[in-house]
Amino acid sequence: VAFAARDLDDIETRKKRWLEHGHDVVEIDHGFCVSIYTLDPSRILVEFCVDTAPYTAADRARALQVLSQDA
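The sequence shown begins at 6 in the numbering used here and counts up by one.
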C-alpha cells in the first residue's frame, strides 16, 4: 500500500513515528523520489513517497515507449 507524502519533512516525521513505535524502516532515494517502507502488523508493505525532481518531457516519452512495448 503506497501513500504520497507532502515533502521530505513529512517523510522524516513519518519515519520517526514508525521507529518510535518499534517498526523497522527502510528509506530509499530513487533519484527522482524518496520512499520509506515498513511492514504493518498484518505483514503488508506500506510505503510513503515524495517526488524530489520534476518530471520532464523525456520522462514522459520514455514512459509512453515502455507502455507501448510488447511484454
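Ideal Cβ placement from N, Cα and C applies to all residues, glycine included. Since this is a predicted model, take the numbers as computed values, not measurements.
### Query
Where do the ends of the alpha helix (DSSP H) carrying I16 lie?
Reading the sequence shown from its first residue, position 11 is the one you call residue 16. Start and end: 13–25.
### CA-to-CA distance, A66 to I33, given in whole angstroms
Within the sequence shown, residue 33 is the residue found at index 28, counting from 1. Within the sequence shown, residue 66 is the residue found at index 61, counting from 1. It is roughly 25 Å from the alpha-carbon of I33 to the alpha-carbon of A66.
#### Entry: Residue from L44, T61, D56 with nearest C-alpha to H26
As a first step, residue 26 must be located in the sequence shown, where it is residue number 21. Measuring from the Cα of H26, the nearest candidate turns out to be L44.
### Task
Between the Cα of V6 and those of V51, V39, T18, spot the shortest distance and give me the residue it belongs to.
Position 1 of the sequence shown, counted from the start, is the residue given in the question as residue 6. Selected option, being the one with the closest Cα: V51.
### Query
Are the beta-carbon atoms belonging to R22 and F53 less than 8 Å from one another?
Taking the first residue of the sequence shown as position 1, residue 22 is located at position 17. Taking the first residue of the sequence shown as position 1, residue 53 is located at position 48. Pairing R22 with F53 gives a Cβ-Cβ distance that is not under 8 Å.
### Message
For a minimum of 3 consecutive residues, which ranges assigned as the beta strand (DSSP E) are wholly contained in the stretch 25–70?
### Response
Every beta strand (DSSP E) of 3 residues or more that sits fully in the stretch 25–70 is shown, in chain order, as 31–34, 38–44, 50–56.
### Message
With a threshold of 8 Å on Cβ separation, who are the neighbours of V30 within its own chain once the five nearest residues in sequence on each side are excluded?
### Response
The residue given as residue 30 occupies position 25 in the sequence shown. Closer than 8 Å at the Cβ level, and outside the excluded window around V30, lie K20, W23, L24, I41, Y42, T43.
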